[in-house]
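Counting from 1 along the sequence shown, just add 349 to a position and that's the residue number in my numbering. Just so it is clear, CB atoms sit at the ideal spot from N, CA and C, and this is done for glycine as well. I have placed the structure first, in the form of structure tokens, so that the comments after it can refer back to it.
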Amino acid sequence: MSRALLLAAVLLGCADNARWTTSEGESYCGAVTAASFVRAGIPEGTLMRLELDAERLQSAPGRLWTTPFVSGERLVAAELRVIPQLLHDPLSTLNFGEGRVKNALAIADLPTIEPGRSATQLTVIVSLLQSGDVEVRLIRGASPGTAGGPEPAGQLFGVFRLQRQKGDCNVR
Numbered sequence: 350m351s352r353a354l355l356l357a358a359v360l361l362g363c364a365d366n367a368r369w370t371t372s373e374g375e376s377y378c379g380a381v382t383a384a385s386f387v388r389a390g391i392p393e394g395t396l397m398r399l400e401l402d403a404e405r406l407q408s409a410p411g412r413l414w415t416t417p418f419v420s421g422e423r424l425v426a427a428e429l430r431v432i433p434q435l436l437h438d439p440l441s442t443l444n445f446g447e448g449r450v451k452n453a454l455a456i457a458d459l460p461t462i463e464p465g466r467s468a469t470q471l472t473v474i475v476s477l478l479q480s481g482d483v484e485v486r487l488i489r490g491a492s493p494g495t496a497g498g499p500e501p502a503g504q505l506f507g508v509f510r511l512q513r514q515k516g517d518c519n520v521r
């Protein structure tokens, strides 16, 4: 492929993401998937709000809010931060499941509710869906592995299906 065609393909790909960008006064809103096998540490009914700049998925994609998790922690205007080195790694081409136009990996700080403890980091996967909706996965921690036993304290996993709406979704 010539450089001109490659550049055009890259630019068109970026321009296509613009349709997912929220305008002032808009947010993507939704609840965590209810199925318990795709949730850990996030109660059924937990809500999420996302302000998204889809044209900046690789630099400053937006901010997240949630209602409280099981631990009482919650995201409040948490900035989605990217890992610049991912731009040069095959992981940046993450592609899974049908109906996803683009997937992006980011990090968000989750403030602790315990005095004296610093924030923990969540891995956030943002998927732009062909339908115009957005899907967000929140990940922190891991299962106990083959040892079994109870869910580890602090583990979080949840999938949120979000739709564009006016306002703040009552998640502030």
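Secondary structure at asparagine 444: coil, using DSSP grouped into helix, strand and coil. Taken through DSSP and simplified to helix, strand or coil, alanine 383 comes out as coil. The residues Ala380, Thr416, Val520, in chain order, have a CB closer than 6 Å to that of leucine 396 in the same chain once the five nearest residues on each side in sequence are set aside.
Pairing glycine 394 with isoleucine 432, the inter-Cα distance amounts to about 30 Å.
Taking a C-beta distance under 9 Å as the contact criterion, leucine 406 and alanine 426 do not qualify as a contact pair. In this structure, arginine 368 sits away from glycine 448, with a CB-CB distance that is not shorter than 9 Å. For asparagine 452, DSSP records a beta bridge to Ser476. DSSP places alanine 389 within a strand segment (E or B) once states are collapsed to three. Residue pairing by DSSP puts arginine 398 in a beta bridge opposite Cys378, Trp414. Separation of glutamate 428 and alanine 409 (C-alpha to C-alpha, rounded to the nearest whole angstrom) is 8 Å.
Residue environment analysis places serine 476 among the buried positions, since at least 16 neighbouring C-beta atoms fall within 10 angstroms of its C-beta.
DSSP places aspartate 365 in the uninterrupted alpha helix (DSSP H) bounded by 352-366. The alpha-carbon of threonine 469 is positioned some 24 Å away from that of leucine 443. Excluding the 5 residues flanking it on each side, arginine 423 has same chain C-beta neighbours closer than 7 Å at Thr415, Thr416, Pro417, in chain order.
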